[in-house]
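Asks: To convert, take the position in the sequence shown, counting from 1, and add 1; that gives this note's numbering.
Just so it is clear, CB atoms sit at the ideal spot from N, CA and C, and this is done for glycine as well.
Sending over a structure as structure tokens; questions will come in a sec.
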Amino acid sequence: MASRKNRSGKTNRRSPKRSAGFAGRLQARYDALVAWISAHRWHSIVIAVIALFVGSVLGGYWIAERLDLRSSDQVARDTIEEMKRSASSSAPVVAPKYSRIEDLPDFPKYSEAEPGKPTPNVEEKPRVKQVAAAFSAEQTWRRNALPFRDLKSRPLIAIVIDDVGLDRARSKRAWELPGPMTMSFLPYAKDLPEQARAARARGHELMLHMPMEPNGRNDPGPGALMVSMSDAELRQKLLIALESFGGYVGINNHMGSRFTANRHDMEVVMRQLKPRGLMFLDSRTSPQSVGDQTAQEMGVPSIVRHVFLDDEETLDAVRRKLAETEAVARRQGFVVAIGHPHDSTLQALAEWLPTVQGKGLALAPSTAILRKRNGWD
Ligand SMILES: [Zn+2]
């Protein structure tokens with residue numbers, strides 16, 4: 002029926018104006034086609050449906066290609082821009098690995114906290130028992146914790162060695178000391194999984210030493226969390242670091258005097274730690290750090306650093322700091338002291354570690370301090 006209507010419409014419009022020969026031929030063809038169609042109605046329907054289908058596929062493809070031409074150009078440009086940007090800010094995805102701290106390009110001598118200012122010891126007020134933080138055995142910090150039973154009978158001392166993994170010789174010297182201590186590995190160290198396994202095999206707990214932006218001019222190294230970054234960038238940098246090795250109980254900040262004072266950014270960090278069941282050790286490289294507080298508020302298990310052993314890198318200074326560490330442990334019941342794989346620190350620890358037991362104190366992994374501080378057993 003449709004074809005018949007078409008025929009009448011078209012012939013009415015065209016036939017009077019065309020030359021007789023052309024119009025006649027056209028008319029003849031048309032009549033023949035219409036005759037064939039009415040003779041082969043079902044064939045024509047099938048052919049029409051197929052033609053419609055093929056036509057719409059081809060047409061759709063053509064339109065899509067026209068539309069896509071501009072956007073794929075745009076996508077390519079955006080991708081190149083993105084690659085340029087991330088290459089210039091730092092090279093995160095394939096982070097370079099360094100075997101010694103001296104190998105880092107333009108890496109000056111640095112101090113963990115504010116340069117030039119010795120970091121004061123910190124002591125805590127007695128805390129009410131914490132119930133908010135998750136208590137489940139599913140927690141990664143519990144799974145990766147060194148077994149430690151006796152939380153109560155002696156004051157506990159956790160020695161955390163930061164910046165482990167870069168200076169391989171001194172890092173090895175650190176984990177060959179008697180434990181239990183905590184080895185906190187920088188995520189850009191070379192052969193990280195092997196080094197971490199070696200340290201764990203010597204009876205030390207493992208931590209990820211997450212580079213964060215300091216005040217001043219110290220360089221926290223590749224992949225550091227900076228206050229200028231978007232939340233997505235922070236998550237990405239943290240994720241790359243979290244995946245650099247396994248078996249650790251949580252993270253503590255490398256430098257970070259600027260970053261840890263930023264509540265919003267610390268919340269972004271805690272939101273990544275919480276679902277992974279990781280703990281946070283606030284190195285307190287700045288008195289303005291809100292790390293511990295943010296962790297507590299968000300239900301992330303956390304502890305804080307009380308003593309820095311080697312702000313001053315001399316044997317005598319480290320010995321003095323170790324004596325202060327003992328005193329804090331006796332007053333508070335537990336203490337977290339952070340040192341670095343420096344010659345003076347390693348030597349002082351080598352002398353001091355074997356004496357701890359005899360003084361009525363106990364060396365403990367970080368997770369034991371976490372349990373004791375929070376009243377968990
Ligand atoms: Zn550090």
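Pick out whichever of Met208, Leu147, Gly292 and Asp32 has its Cα sitting closest to the Cα of Gly257.
Replies: Minimum Cα distance to Gly257 is reached at Gly292.
Asks: Within 8 Å, do at least three Cβ pairs link the region 215 to 225 to the region 188 to 196?
Replies: Here the region 188 to 196 lies against the region 215 to 225, with 3 or more beta-carbon pairs under 8 Å apart.
Asks: Using only the alpha-carbon positions, how far apart do Asp378 and Ser367 sit?
Replies: 14 Å
Asks: Please list the terminal residues of the continuous beta strand (DSSP E) segment that includes Met213.
Replies: Glu206 to Met213
Asks: Between the region 275 to 286 and the region 314 to 324, do three or more beta carbon pairs fall short of 8 Å?
Replies: Counting Cβ pairs under 8 Å, fewer than three are found: no touch.
Asks: Below 7 Å, is the gap between the Cβ of Asp441 and the nearest heavy atom of ligand 1?
Replies: No answer is possible for residue 441: it lies beyond the span of the chain, which begins at 2 and ends at 378.
Asks: Mind checking whether the beta-carbon of His307 lies closer than 7 Å to any heavy atom of ligand 1?
Replies: no
Asks: Can you tell me whether Thr120 is buried or exposed, with buried defined as 16 or more other CB within 10 angstroms of its CB?
Replies: buried
Asks: Taking Asp164 as part of the beta strand (DSSP E), name the residues at either end of that continuous run.
Replies: It spans Leu157 to Val165 - the beta strand (DSSP E) in which Asp164 sits, taken as one unbroken run.
Asks: Which residues are close to ligand 1, meaning CB closer than 5 Å to any heavy atom, in chain order?
Replies: Glu113, Asp163, Asp164 and His255
Asks: Under three-state DSSP, which class holds Met184?
Replies: strand
Asks: So who's on the other strand from Ile304, going by DSSP bridges?
Replies: Leu282
Asks: Excluding the 5 residues preceding and the 5 following Gln358 in the sequence, name in chain order all residues of the same chain whose CB lies nearer than 7 Å to its CB.
Replies: So no residue of the chain qualifies.
Asks: So what's Met271 in DSSP terms, helix, strand or just coil?
Replies: Taken through DSSP and simplified to helix, strand or coil, Met271 comes out as helix.
Asks: Please report the residue range of the beta strand (DSSP E) in which Asn253 lies.
Replies: Gly251 to Met256
Asks: Confirm, please, whether the CB-CB distance from Leu371 to Ser304 is below 8 Å.
Replies: Reading the sequence as shown, one finds Ile at residue 304 and not Ser. In this structure, Leu371 lies closer than 8 Å to Ile304 by Cβ.
Asks: Measure how close the beta-carbons of Gly300 and Lys322 come, nearest whole angstrom, since I'm counting them as under 8 Å.
Replies: Going by Cβ atoms, the distance from Gly300 to Lys322 rounds to 33 Å, so no, they are not a contact pair.
Asks: Starting from Gly340, follow its DSSP beta bridges and name the residues at the other end.
Replies: Looking at the DSSP output, Gly340 shares a beta bridge with Ile162.
Asks: Do the region 333 to 345 and the region 258 to 270 make contact, defined as three or more Cβ pairs closer than 8 Å?
Replies: no
Asks: Does the distance from the CB of Leu462 to the CB of Pro181 come in under 8 Å?
Replies: The question about residue 462 has no answer here: the residues shown for the chain are numbered 2 through 378.
Asks: Distance, Cα to Cα, Ile64 vs Leu53?
Replies: 16 Å
Asks: Below 7 Å CB to CB, which residues in the same chain sit around Ala199 once its five sequence neighbours on both sides are set aside?
Replies: Trp176
Asks: Taking the straight line between their C-alpha atoms, what separation do you get for Ser231 and Gln237?
Replies: 10 Å
Asks: Per DSSP, Ala363 is paired with what?
Replies: Leu157
Asks: Exposed or buried, which one is Ser172 when buried takes at least 16 other CB atoms within 10 Å?
Replies: The residue is buried, with at least 16 neighbouring Cβ atoms inside 10 Å.
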